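*Asks:*
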Amino acid sequence: MSHLNPGHKWRLSGRALKHLTLLAALVLMLIPVHGWLKLLQPYWLALVLIYWVMEEPEHNGLFTAFFYGLLLDVLYGSLLGKHGLSLLVIAYLVSKYARQFRMTSFWQLSLIVGVLLLNDLFIRAFIDWLTHGSLPRLEDLLPVISGVLVWPWLKLLLDHLHARSRR
Amino acid sequence: MPASRETQLTELPLFRFLVLELVCVLLMVLDYHTHIGRPIRQALSALTYPLVQAVRLPQQLWDTAELALSRQARLLKDNTELKRQLSNARMNLLQLDVLQQENRRLRQLMRMREQLPLHTTAAFVININNGSQRHRAVIDRGQNDGLYVGQTVLDLHGLAGQVETLELASAHVILITDPQHALPVEVLRTGLRGIAYGQGKGQLLLPEIAKSADVQPGDVLITSGFGGVFPRGLKVAQITAINPSQNSAFQQAIAQPYANLDQLKEVLLVWPKVTGETTKNPQDLQDPSETGGESPPSSTTTAQNPAAGDTP
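Chains X and V supply the protein sequences, listed in that same order. Heads up: the first sequence runs through residues 7 to 173, numbered per the numbering used here. Heads up: the second sequence runs through residues 821 to 1132, numbered per the numbering used here.
Right, dumping it as structure tokens:
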């Protein structure tokens, strides 16, 4: 830890990048799209969160998940804590198994991401059912599929940005 | 590092996870049953405001650019068209004035409560994605403008919905077509009351109408004012179809809202009426403006009005 000072600096810029990308994910989720594109819109925030928790599992991803989940709840006008709760579960699972996840192959990881998104979808559907009695529809699964398809590219992009911020 | 390995309870990820999870569940329960969630939501909305603006700004730039680039000829055409519409509306308003005075006089004769004109504020719909709930809209006024939860939201053609959640500078509006929305209505022609449920798909459903009741396609639905959320007498929808209900003990009606809910742009927020005792004051305030501003016929009718009030 002789280079503590520059190391600190790097970490800060890494943290700035993390929050910038999370905010960008939120903005992406706000952009109005119509028709079938709306049904296909992936859950960007969860994807970016999965990436950062996997990269830095020791960095309190839980609070990040909680905080950004609440922001999304405010933005979407949904029940306060709904997205917070579901993102927390994702963050916890990823942080617990981050090492294994990083060992798995690129494509297997996409599948794991799909499972995580599906799990998140179940939680939110359950909360919706409890509060409004509304039942999930089949097209709610589409964001999971698009999320899995988008994940590899997103990971490449974030890897690239992350590496640059560390250089 | 080894010191921190002898983990304290609070350092355990599982512990933190469970605590935060508990906080989320608590927040949800509180937000669902009480108003305690509101200050939190409003505080956080100060943080989300820049994000909303970030999505809005390009749209506004595009709108202004389009306006700047659009041909003068088209603007002129729009202008003349609008002028024509305005003069038409003025004509209608003249007639309406007379009718309103007559109505007021009759109501006073029948000793019924006055129906004041609505006080409204305009707001713009923010075009952002608001989750998978399609029958919601976000508007650009919020707590800072004094809005309140449950406030009636109109479009220029009819009832649009009500305010559901409030942020500092924006608000989420639940539209009447949302499957979670129920609305007390009345058939204008017959006075038959019922509840119109949102159906998604841009339609309303009145599920249980007695078979003997007189409803027809084409009937106009207005708000009945029951439940106290919406003021009475706002235009809601037109009945388009009537079918027997599933167990065929009732009939059910499908209605098409007047409000253009798919493409909401501007909405009007309705302010609650001044309470019963003070109804006279706004009226007094109104009369001078009517007599001073517009046409002679209206001034004569207002002059008649107090006399009519005294006679019964």
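Yeah, the Cβ is synthetic: ideal placement off N, Cα and C, and Gly gets one too. Every value quoted in this text rests on a predicted model; they were computed, and no experiment measured them.
Can you grab the Cα-Cα spacing for the pair X/Leu86 / X/Ile133, in whole Å?
*Replies:* If you take the alpha carbons of X/Leu86 and X/Ile133, they lie about 11 Å apart.
*Asks:* Given 8 Å as the limit, is there contact between the region 1037-1048 of chain V and the region 1056-1072 of chain V, that is, 3 or more CB pairs closer than that?
*Replies:* Result yes; three or more Cβ-Cβ pairs closer than 8 Å.
*Asks:* Assuming V/Pro1051 and V/Thr940 form a contact by the criterion Cβ under 8 Å, report the distance between their Cβ atoms to the nearest whole angstrom.
*Replies:* No, V/Pro1051 and V/Thr940 are not in contact; Cβ-Cβ is about 11 Å, not under 8 Å.
*Asks:* Give me the residue from V/Gln963, V/Ala943, V/Asp965, V/Asn964 with the minimum Cα distance to V/Ala957.
*Replies:* The option with the nearest alpha carbon to V/Ala957 is V/Ala943.
*Asks:* Name the chain X residues whose beta carbon is nearer than 9 Å to that of V/Val845?
*Replies:* Result: Gly87, Leu91.
*Asks:* Pick out the complete alpha helix (DSSP H) segments inside the region 23-66 of chain X, 4 residues or longer, and give them in chain order.
*Replies:* You should have 42-46, 50-61.
*Asks:* Assess, as a yes-or-no matter, whether the region 122-142 of chain X is touched by the region 48-60 of chain X under the definition of 3 or more beta carbon pairs within less than 8 Å.
*Replies:* Verdict: yes, contact present.
*Asks:* Should X/Trp159 be labelled buried (16 or more other beta-carbon atoms within 10 Å of its own) or exposed?
*Replies:* Classification for X/Trp159: exposed.
*Asks:* For chain V, find out if any of its Cβ atoms is closer than 8 Å to the Cβ of X/Met60; answer yes or no.
*Replies:* Judged by the 8 Å Cβ criterion, X/Met60 is not in contact with chain V.
*Asks:* The region 982-1015 of chain V: which residues have C-beta closer than 8 Å to a C-beta of chain X, in chain order?
*Replies:* Per Cβ criterion, the list reads Glu984, Thr985, Glu987, His992, Pro999, Gln1000.
*Asks:* What residues in its chain sit with their C-beta under 7 Å from that of V/Leu938, if we drop five residues either side in the sequence?
*Replies:* Counting only Cβ-Cβ distances below 7 Å, and skipping sequence neighbours, we find Pro1051, Val1090.
*Asks:* What is the DSSP secondary structure of V/Asp1107, reduced to helix, strand or coil?
*Replies:* Confidence is the limiting factor: at V/Asp1107 the pLDDT is only 39, short of 50, which leaves the residue's position unreliable, though a coordinate-based value still follows. The answer is helix: DSSP assigns V/Asp1107 an H, G or I state.
*Asks:* How would you call X/Pro38, buried or exposed, if buried means at least 16 neighbouring beta carbons within 10 angstroms?
*Replies:* Counting Cβ neighbours within 10 Å, X/Pro38 comes out exposed, since fewer than 16 surround it.
*Asks:* Looking at the structure shown, is V/Asn1063 part of a helix, part of a strand, or coil, going by DSSP?
*Replies:* Strand at V/Asn1063.
*Asks:* For X/Leu64, which option in X/Trp42, X/Arg21, X/Gly153, X/Lys161 has the closest C-alpha, if you only look at C-alpha atoms?
*Replies:* According to the sequence displayed, residue 64 of chain X carries Glu and not Leu. With distances taken between Cα atoms, X/Glu64 lies closest to X/Arg21.
*Asks:* Given this structure, state the Cα-to-Cα distance separating V/Ser907 from V/Glu1086, to the nearest angstrom.
*Replies:* Each residue's Cα considered, the two are about 21 Å apart.
*Asks:* Rounding to the nearest angstrom, what Cα-Cα distance links V/Asp1039 and V/Val1007 in this structure?
*Replies:* V/Asp1039 and V/Val1007: Cα-Cα distance of roughly 7 Å.
*Asks:* Quick one: using the 10 Å Cβ neighbour count with 16 as the cut-off for buried, is V/Asp975 buried or exposed?
*Replies:* Buried.
*Asks:* Of the residues that make up the region 1065-1080 of chain V, which ones have a beta carbon closer than 9 Å to any beta carbon in chain X?
*Replies:* Correct list: empty, as no residue qualifies.
*Asks:* Output the distance between the C-alpha atoms of X/Ser101 and V/Phe1070, rounded to the nearest integer angstrom.
*Replies:* Between X/Ser101 and V/Phe1070, the C-alpha separation is close to 56 Å.
*Asks:* Report the residue ranges of all alpha helix (DSSP H) runs contained in full by the region 930-991 of chain V; include only those spanning at least 4 residues, in chain order.
*Replies:* If we require 4 residues or more, the region 930-991 of chain V turns out to have no alpha helix (DSSP H) run fully inside it.
*Asks:* Regarding V/Asp1082 and the ligand FMN, is the C-beta to nearest heavy atom distance less than 7 Å?
*Replies:* As for the ligand FMN, it is missing from this structure, which has no ligand bound.
*Asks:* Is X/Trp135 buried or exposed, if buried means 16 or more other CB atoms sit within 10 Å of its CB?
*Replies:* Exposed is the call here.
*Asks:* Does X/Lys102 come within less than 8 Å of chain V when only Cβ atoms are used?
*Replies:* Yes - at least one Cβ of chain V is within 8 Å of the one on X/Lys102.
*Asks:* Using the Cα positions of V/Asn1080 and V/His977, report the straight-line distance between them to the nearest angstrom.
*Replies:* Their backbone Cα atoms lie some 7 Å apart in a straight line.
*Asks:* Thinking C-alpha only, which one of V/Leu1025, V/Gln1076, V/Ser990, V/Leu986 is nearest V/Ile856?
*Replies:* Closest option to V/Ile856, Cα to Cα, is V/Leu986.
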